[in-house]
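Here's the structure we're looking at; comments come further down.
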Amino acid sequence: MSYQRPKGTNDILPGESEKWQFIEDTARILFNDYQYQEIRTPSFEHYEVISRSVGGTTDIVSKEMYDFYDKGGRHITLRPEGTAPIVRAYVEHKLYGPEYDTPYKVFYMGPMFRYERPQKGRLRQFHQIGVEAFGSDNPATDVETMVMALEYFKQLGIRQLRLAINTLGDEETRKNYRKALVSYFSAHEGQLSEDSRRRLHENPLRILDSKDTADQKIVVDAPSILDYLSKEAQEHFTQVTTMLDALEVSYEIEPTMVRGLDYYTHTIFEIMNDNPQLGAQSTICAGGRYDQLVEELGGPATPGFGFAIGIERLLLILENENVALPAAHRLDAYVVNIGSATNVEALKVTQAIRHAGFSANRDVMGRKAKAQFKSADKEGAKLVLTLGDEELSAGMINVKSMETGEEKRLELSSIYNNFTQIFDEMS
Ligand code: ATP
Ligand code: MG
1376 MSYQRPKGTN
1386 DILPGESEKW
1396 QFIEDTARIL
1406 FNDYQYQEIR
1416 TPSFEHYEVI
1426 SRSVGGTTDI
1436 VSKEMYDFYD
1446 KGGRHITLRP
1456 EGTAPIVRAY
1466 VEHKLYGPEY
1476 DTPYKVFYMG
1486 PMFRYERPQK
1496 GRLRQFHQIG
1506 VEAFGSDNPA
1516 TDVETMVMAL
1526 EYFKQLGIRQ
1536 LRLAINTLGD
1546 EETRKNYRKA
1556 LVSYFSAHEG
1566 QLSEDSRRRL
1576 HENPLRILDS
1586 KDTADQKIVV
1596 DAPSILDYLS
1606 KEAQEHFTQV
1616 TTMLDALEVS
1626 YEIEPTMVRG
1636 LDYYTHTIFE
1646 IMNDNPQLGA
1656 QSTICAGGRY
1666 DQLVEELGGP
1676 ATPGFGFAIG
1686 IERLLLILEN
1696 ENVALPAAHR
1706 LDAYVVNIGS
1716 ATNVEALKVT
1726 QAIRHAGFSA
1736 NRDVMGRKAK
1746 AQFKSADKEG
1756 AKLVLTLGDE
1766 ELSAGMINVK
1776 SMETGEEKRL
1786 ELSSIYNNFT
1796 QIFDEMS
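In this note's numbering, the protein residues as written are 1376 to 1802.
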């Protein structure tokens, strides 16, 4: 009997995991510079936390949840996204209190779970890096957060980026827009997919996000939300575009973009990489403003803004754009040891080098000298130290610089007492 990983999941093996560490580290450094601090929430939540926030008519809640009843009869779901759990934590720990900074800014990275049809860039366990900022309704927050995401992709070396923005306005806006949509889509009801006919009266905005090609044809000519903005919503959106212009950031307004989650208000955005190979999976970052969500989950009225980046899609794009990520770290010293009598001394020498603060490795397989040198080379060792029976009985060791080819026969004791100096001189 042999087992395979569950459909839609990946094993991230060495060789690949270095790339993950690099993109995670790059995010940590940049987000810290913007004063975001890390938050870690559980991988599962009470079902209601997600269904209330993301919305019952969204694909995420109606089709993609990994939910179950636990042994205590609680309705639990693996988290499909990061925002709702963080808002839950924000309210639960009263992070809006006077002892905390406003805006309260957090970032996260970790696995998310959605029961989707697996394909390139679409998995059942995938990973997101995201941020949330609570407490500011200033459009400058929208803009600096979108710009931070763009900055992140630029730092990673991605060139082909497209920023698409839209607004979902406030409640008044959506009430009026909803009416316009119901009347438009009702006139085309016969051509809509079954899902969208159901959405028509429950939540017509959802039709705009339909992945069905027949639906999408009708969506093309749907009314634009930009014609229904309230005065406040128009003002917020105008400030966002003015500020993007002030920073000379290029963007496109996509008036039928709604995003797949119900909690958004005002600004929403997506960052795309227009690589034809990725098709519907070209969006690497998505987010927006959610000014009602904290209240919806039982907290005080608090505006919010955030985004999430799909790590698997980011890696595909880095690969497509031939971005070279830093290779695995090099080794400072490799200890070649020949003959079983040297086993203990090789162990001691290797540990001494490690204790001096260097990276070191040795052969433990009793291989021939030639094979050991090959390993040292493959691991990128800067120095190779060789210990045979003859050296051992003389209390000596051979040290070779792989860069210059320089070789020295040194007292074994100098490795224990003075490795830093030897390394500085020879590497
Ligand atoms: P899509 O329209 O592609 O299904 P979405 O609107 O469901 O995306 P969000 O919930 O906004 O996506 O998630 C933000 C980002 O997370 C996406 O832009 C994408 O990069 C990534 N993502 C979402 N779902 C998946 C998945 N199943 N597999 C891999 N990455 C995903
Ligand atoms: Mg989706």
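Beta carbons are placed, not taken as given, at the ideal position from N, Cα and C, and that holds for glycine.
Where does Y1422 sit, in a helix, a strand or coil, going by DSSP?
helix
Tell me whether I1540 sits in a helix, a strand or coil according to DSSP, three-state version.
strand
Taking the alpha-carbon positions, what's the A1744 to D1752 distance?
Pairing A1744 with D1752, the inter-Cα distance amounts to about 12 Å.
Of all the options L1580, G1457, A1731, which has the alpha carbon lying nearest to the alpha carbon of T1795?
A1731
Specify the secondary structure class of H1641 as computed by DSSP and reduced to three states.
strand
Starting from the C-beta of E1341, find all residues in its chain whose C-beta is less than 8 Å away, skip the five residues before and the five after it, and write them out in chain order.
What is shown of the chain runs 1376 to 1802, which leaves residue 1341 out entirely.
Alpha carbon of N1695 to alpha carbon of A1621, nearest angstrom:
32 Å
Inter-stretch contact (C-beta, 8 Å, three-pair minimum) for the region 1619-1639 and the region 1497-1516:
no
Just verifying my parser: in three-state terms, what is the DSSP assignment at Y1465?
helix
Roughly how far, in whole angstroms, is the beta-carbon of V1615 from the beta-carbon of L1525, given that I think they are within contact range, below 8 Å?
Cβ-Cβ separation between V1615 and L1525: approximately 14 Å, too far for a contact (criterion under 8 Å).
Which two residues bound the contiguous beta strand (DSSP E) that contains D1442?
1442-1444 is the span of the beta strand (DSSP E), which, as asked, contains D1442.
N- and C-terminal bounds of the beta strand (DSSP E) containing E1507:
1500-1509
Taking Cβ positions, are F1798 and D1738 nearer each other than 9 Å?
no
Is E1766 helix, strand or coil when you go by DSSP?
helix
G1662 beta carbon near ligand 1 (any heavy atom closer than 8 Å)
Flag set: Cβ of G1662 near ligand 1.
Less than 8 Å between C-beta atoms, sequence neighbours within five positions excluded: which residues of the same chain meet that for L1653?
Within the same chain, and ignoring the five residues on either side of L1653 in sequence, the residues whose Cβ sits closer than 8 Å to its Cβ are K1495, G1496, R1688, L1691, I1692, N1695.
Cβ pair V1759, Y1709 closer than 9 Å:
In this structure, Y1709 lies closer than 9 Å to V1759 by Cβ.
Please identify the residue among A1661, S1428, P1579 whose C-alpha is closest to the C-alpha of I1593.
P1579
Is P1651 helix, strand or coil by DSSP?
For P1651, the three-state secondary structure derived from DSSP is helix.
Go ahead and pull the three-state DSSP assignment for A1683.
strand
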